[in-house]
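J.: In the working numbering, the protein residues as written are 99 to 559.
Yeah, the Cβ is synthetic: ideal placement off N, Cα and C, and Gly gets one too.
Can you keep this structure in mind? I'll have questions shortly.
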Amino acid sequence: MDRFRSLNGMQKMMLRWETFQPLNAAHIVELSQSFSTAEIERAIRRATRSLALRPVEFSKDLTQSRYADVAYAVNGDFPPLRTRHLGATTRESLEQAINEELNCSFGSSVHWPWRFVQLEIAGFGSCLVLVYHHALTDARGALLVMREVVRALYGGSLTTGELQTNPPTLQELFPREMGWRGIPSRVCGAVRELAESLSCFRVAPRESGPESIVSNFHAIDLSTSQVKQSARSQGGTVQDLLFAGLFEGLQLLFRDKLDASSRKSLAVRAMIDLRREAPQDVGLALSQILGCIMVRLQVDARTPFSEIVARVNTLTREAKDAKAYRVYASQLDLMSKIWDLAAEWMNRSFTPRMFPTVGMISNMNLSEFLAAEFAAGHVRNYLRATGSGLLCPLILSVTSVGPMMNVVTTHHGNKFTAAEILALGNHLQARMTGIAGDSTAPQVTSELLPAPQISRLRTAA
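And the structure:
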């Protein structure tokens, strides 16, 4: 076996979140044809050999990980696959199947950080789901694994090379910026941001106890060209549009609770991939080298949407120019240490109820991964579900390939009802596509808003 390597702050926090719930994410692809279980197993085995995938083991204190020999994996010599027959499914039953997979733990022993699920839908076709252990690999690394399996299914040539899920440290990425001289100011900034976040609006739990926290999944489809046109008309970017639409929708959804709270603003984060700024090549090293932009706004039904977009654009540009998003790594390291020092009863009593951030946006353009498979007609549709952590009850995963943009909401089932998420999805759809115009704030009420546009994958009947 390899030697143990220290996990970074993000990974340590994720493993601590898993004390209360599994923290998984998933890629879902709709294939153009059905394959037998044996054919999919052969494709997984071929991709495993091509990328030299290996199972992973954690240290007992959950602060380190290492690659293990395949012989030690409890699941066998390649990532496990199971088949689920959904029959003539509805959108709700498909989402329920994905929810169940998201909330199934990988365990802490030697295990593969990926598992596959074949969803056979009567009269419709086949969907392949790749669930991945988010503390060990990120969306790009997992999607690379999925792409190789799809290529193997259709007889294509595969990428050769070892996929490294052990990440470089932040010091390796930024040897000058992360030196000792900068640590005091970064820690002070992390403490200040954490203190401000803890006073942010918190959604009251619908149930008590960690067992009530689960990830639930909902998706809408949008036209990429329509979204870009709407962003241009509002004078912002697509990310600004997402920020503003989410702010406005949440503010309208919880206006009564906000009016009664001491803090009238909400916080939303957007992830930044720090690896793209690395001064040296980090190769296929993946897994959670992330920064984060946090924007806090106070808006109401009278605030024009274009003004919200403009304010978001200004705040995000200032954060990017100042590279303030790198403080997030220091904050996670600090929170990880607090987690270690705090008594277990305190963690279990308070952590599931603390929500410094109401929502988070995770954006990924898939053109570098699945464009060839879409062009060849092998993949008809794609969705990504990101499991939400305890400190963030709502995450939007945005992916764009070709003419379509998929927005998937992963949320805590004990914080948002299905009707509230449907209403929020309708609101986002209206704002992202420009249906609601500029100044008119759509009523965030599921009974009054039109049903969202649904993809083929989600409307099998």
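Restricting to Cα atoms, I'd like to know which of 212, 254, 218 is closest to residue 238.
T.: Counting from 1 along the sequence shown, the entry for residue 238 is found at position 140. Of the listed residues, the one whose Cα sits closest to residue 238 is 212.
J.: Which residue spans inside the segment 326–359 form an unbroken alpha helix (DSSP H) run of at least 4?
T.: 336–351, 353–358
J.: Since residue 155 is in the alpha helix (DSSP H), which residue starts that stretch and which ends it?
T.: Taking the first residue of the sequence shown as 1, we reach residue 155 at position 57. Counting along the chain, residue 155 falls outside any alpha helix (DSSP H), though it belongs to the beta strand (DSSP E) covering 154–156.
J.: Give the range of the alpha helix (DSSP H) segment to which residue 250 is assigned.
T.: Start at 1 with the first residue of the sequence shown, and residue 250 comes out as number 152. Its alpha helix (DSSP H) spans residues 237–251.
J.: The beta strand (DSSP E) spanning residue 474 covers which residue range?
T.: In the sequence shown, the residue the question calls residue 474 occupies position 376. Element bounds for residue 474: n/a, residue is neither H nor E.
J.: Report all residues from its chain with a CB closer than 8 Å to the CB of residue 410; omit the five preceding and five following residues, and keep chain order.
T.: Here residue 410 corresponds to residue number 312 of the sequence shown, with the count starting at 1. Cβ within range, chain order: 334, 338, 341, 342, 345, 393, 395.
J.: Less than 9 Å between the beta carbons of residue 247 and residue 214, yes or no?
T.: Along the sequence shown, one-based indexing puts residue 247 at 149. Along the sequence shown, one-based indexing puts residue 214 at 116. Going by C-beta atoms, residue 247 is nearer than 9 Å to residue 214.
J.: I need the DSSP call for residue 214, collapsed to helix, strand or coil.
T.: In the sequence shown, residue 214 corresponds to position 116, counting from 1. Strand at residue 214.
J.: Which residue marks the beginning of the beta strand (DSSP E) containing residue 162, and which one marks its end?
T.: Locating residue 162 in the sequence shown gives position 64, counting from the first residue. Where residue 162 is concerned, the enclosing beta strand (DSSP E) stretches over 162–165.
J.: Start and end of the beta strand (DSSP E) containing residue 126?
T.: Here residue 126 refers to the residue found at position 28 when the sequence shown is read from its first residue. Where residue 126 is concerned, the enclosing beta strand (DSSP E) stretches over 122–129.
J.: Count the other CB atoms within 10 Å of the CB of residue 306; is the residue buried (16 or more) or exposed (fewer)?
T.: Stepping through the sequence shown from its first residue, residue 306 is reached at position 208. Note that residue 306 has pLDDT 42, beneath the 50 cutoff, so the model's placement of it is unreliable and the number below is only indicative. Exposed: under 16 other Cβ atoms inside 10 Å.
J.: Suppose you measure from the CA of residue 414 to the CA of residue 391; what does that come to, to the nearest Å?
T.: For this step, residue 414 is matched to residue 316 along the sequence shown. For this step, residue 391 is matched to residue 293 along the sequence shown. Near 7 Å, if we compare the C-alpha coordinates of residue 391 and residue 414.
J.: Which value, in whole angstroms, describes the spacing of the CA atoms of residue 101 and residue 165?
T.: Taking the first residue of the sequence shown as position 1, residue 101 is located at position 3. Taking the first residue of the sequence shown as position 1, residue 165 is located at position 67. Computed Cα separation, rounded: 8 Å.
J.: Might you give, ordered along the chain, the residues of its own chain that have their beta carbon closer than 7 Å to the beta carbon of residue 523, omitting 5 neighbours on each side?
T.: If you number the sequence shown from 1, residue 523 lands on position 425. Excluding positions up to five away in sequence, the list reads 316, 318, 507, 550.
J.: From residue 350 to residue 516, what distance separates their C-alpha atoms?
T.: Numbered from its first residue, the sequence shown carries residue 350 at position 252. Numbered from its first residue, the sequence shown carries residue 516 at position 418. If I take the Cα positions, the gap works out to 16 Å.
J.: Between which two residues does the beta strand (DSSP E) harbouring residue 509 extend?
T.: Here residue 509 corresponds to residue number 411 of the sequence shown, with the count starting at 1. It spans 502–510 - the beta strand (DSSP E) in which residue 509 sits, taken as one unbroken run.
J.: Verify whether the separation of the beta carbon atoms of residue 218 and residue 182 is less than 9 Å.
T.: On the sequence shown, position 120 is the one that residue 218 refers to. On the sequence shown, position 84 is the one that residue 182 refers to. Closer than 9 Å, so yes.
J.: With DSSP as the reference, please indicate the residues paired to residue 317 in a beta bridge.
T.: For the purposes of this step, residue 317 is taken as residue 219 along the sequence shown, with counting starting at 1. According to DSSP, residue 317 bridges with 506.
J.: Is residue 128 near residue 225, with beta carbons less than 9 Å apart?
T.: On the sequence shown, position 30 is the one that residue 128 refers to. On the sequence shown, position 127 is the one that residue 225 refers to. Yes, these two residues count as a Cβ contact at 9 Å.
J.: Counting pairs of beta carbons, one from the segment 519–533 and one from the segment 322–331, are three or more of them closer than 8 Å?
T.: In short, these stretches touch, since the Cβ pair count reaches three.
J.: Note down, in chain order, each residue of its chain lying with its Cβ closer than 8 Å to the Cβ of residue 406, except the 5 sequence neighbours on either side.
T.: If you number the sequence shown from 1, residue 406 lands on position 308. These residues qualify, in order along the chain: 342, 345, 346, 395, 397.
J.: Identify every residue that forms a DSSP beta bridge with residue 104.
T.: The count along the sequence shown starts at 1 and reaches residue 104 at position 6. BP columns for residue 104 point to 162.
J.: If the criterion is Cβ atoms closer than 9 Å, does the pair residue 255 and residue 332 meet it?
T.: One-based indexing of the sequence shown puts residue 255 at position 157. One-based indexing of the sequence shown puts residue 332 at position 234. Contact: no.
J.: Around the Cβ of residue 527, are there at least 16 other Cβ atoms within 10 angstroms (buried) or fewer (exposed)?
T.: Residue numbering aside, residue 527 sits at position 429 when the sequence shown is read from its first letter. By the 10 Å Cβ count, residue 527 comes out buried.
J.: Are residue 123 and residue 483 closer than 9 Å when you measure CB to CB?
T.: The residue labelled residue 123 in the question sits at position 25 within the sequence shown. The residue labelled residue 483 in the question sits at position 385 within the sequence shown. In this structure, residue 483 lies closer than 9 Å to residue 123 by Cβ.
J.: In or out: residue 501 buried (at least 16 other Cβ within 10 Å) or exposed?
T.: Position 403 of the sequence shown, counted from the first residue, corresponds to residue 501. The residue in question, residue 501, is exposed, as its Cβ has fewer than 16 Cβ neighbours within 10 Å.
J.: Would you tell me roughly how many angstroms separate the C-alpha atoms of residue 476 and residue 252, rounded to the nearest one?
T.: Here residue 476 corresponds to residue number 378 of the sequence shown, with the count starting at 1. Here residue 252 corresponds to residue number 154 of the sequence shown, with the count starting at 1. Straight-line Cα distance between these residues: approximately 8 Å.
J.: For residue 113, collect the residues of the same chain with a Cβ closer than 7 Å to its Cβ; drop the 5 residues on either side in sequence, then sort them by chain order.
T.: Along the sequence shown, one-based indexing puts residue 113 at 15. The residues are 160, 233.
J.: Going along the chain, which residues of its own chain have a beta-carbon closer than 6 Å to the beta-carbon of residue 168, five neighbours each way excluded?
T.: Indexing the sequence shown from 1 puts residue 168 at position 70. Hits under 6 Å: 175.
J.: Since I believe residue 177 is in contact with residue 126 (beta carbons under 8 Å), could you give me their beta-carbon distance rounded to a whole number of angstroms?
T.: Counting from 1 along the sequence shown, the entry for residue 126 is found at position 28. Counting from 1 along the sequence shown, the entry for residue 177 is found at position 79. Not really, about 16 Å apart at Cβ, beyond 8 Å.
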